[in-house]
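Okay, structure first, notes after.
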Amino acid sequence: IPQQPELMQNDGIHPRAEAQHMILDNVWPVLAPMLQ
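Counting in the working numbering, the sequence shown runs from 263 upward without gaps.
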């Protein structure tokens, strides 16, 4: 996501709302088993 400036907020650190689904798609497969 940091390589796609249009998905980052003006501070260059935080992703925009439009990037949240991409973050979820990458994190959820790892996180879900830990929560069970």
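Ideal Cβ placement from N, Cα and C applies to all residues, glycine included.
Counting only the same chain and skipping the five closest in sequence on each side, list residues whose C-beta sits under 7 Å from that of residue i.
i    : result
A281 : I263, L269
My output table needs one value for residue i: the three-state DSSP class, helix, strand or coil.
i    : result
L264 : A small fix is needed here, since residue 264 is Pro in this sequence, not Leu. Coil at P264, not helix or strand.
M298 : The displayed chain sequence assigns Gln, not Met, to residue 298. Reduced to three states, the DSSP call for Q298 is coil.
Looking only at its chain, what residues have a beta carbon closer than 8 Å to the beta carbon of residue i, apart from the 5 residues adjacent to it on each side?
i    : result
P295 : none
L286 : none
Just to confirm my understanding: we take residue i, look at its own chain, exclude 5 residues before and 5 after, and list those with CB closer than 6 Å. What are they?
i    : result
R278 : L269, Q271
For residue i, which beta-bridge partners are listed by DSSP?
i    : result
A277 : Rather than Ala, the amino acid found at residue 277 in this sequence is Pro. In the DSSP output, where bridge partners are listed per residue, P277 has M270.
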